[in-house]
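Asks: So for the sequence shown, the UniProt record's numbering puts the first residue at 1; every next one is plus one. Yeah, the Cβ is synthetic: ideal placement off N, Cα and C, and Gly gets one too. Being a predicted model, the structure only gives us computed values, none of them experimental. This structure is in structure tokens; I'll ask about it shortly.
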Amino acid sequence: MSPCCLVPLTPEHLPELYRWVLEEKHHEFFSCRPVLTPASFQEYRGKWLSLLEDKNARHFVFLSGGELIGKIDLFDYNPRNRSAEFGYYLPEQDRSRGLGASCCAPF
């Protein structure tokens, strides 16, 4: 697999990310917050369009060879000490291959 690169999440990525949400079997392992499956793609897209407008958070996707392989969200930015929390997600087919470590290395 080619090296991964980080690019800003755009509305064009949302259909694939929505598919990941629908296919994920273990949502409870990937968030400490309640995870609700959106009723429709339109609902999911609307939520993300709102999130992408939030200037206090940043959302990126990992690409490898042009293929979407994961996403990362930066949030709770603290300008005083220039820190933020982040969470990342890889779909099941891209786990346990070292991709998470490789993609998060720049952070």
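Below 7 Å between beta carbons: does that hold for Leu99 and Val7?
Replies: no
Asks: So, using beta-carbon positions, are Glu16 and Leu68 closer together than 7 Å?
Replies: yes
Asks: Starting from the C-beta of Lys47, find all residues in its chain whose C-beta is less than 8 Å away, skip the five residues before and the five after it, and write them out in chain order.
Replies: Pro38
Asks: DSSP three-state call for Glu59: helix, strand or coil?
Replies: For the sequence presented, residue 59 should be read as His rather than Glu. Assignment of His59 by DSSP, reduced to helix, strand and coil, places it in the strand class.
Asks: Using the beta-carbon count (16 or more within 10 Å), is Leu71 buried or exposed?
Replies: The question names Leu, but residue 71 is Lys in the sequence shown. Counting Cβ neighbours within 10 Å, Lys71 comes out buried, since at least 16 surround it.
Asks: Tell me Lys71's beta-bridge partners as DSSP assigns them.
Replies: Val61 and Tyr89
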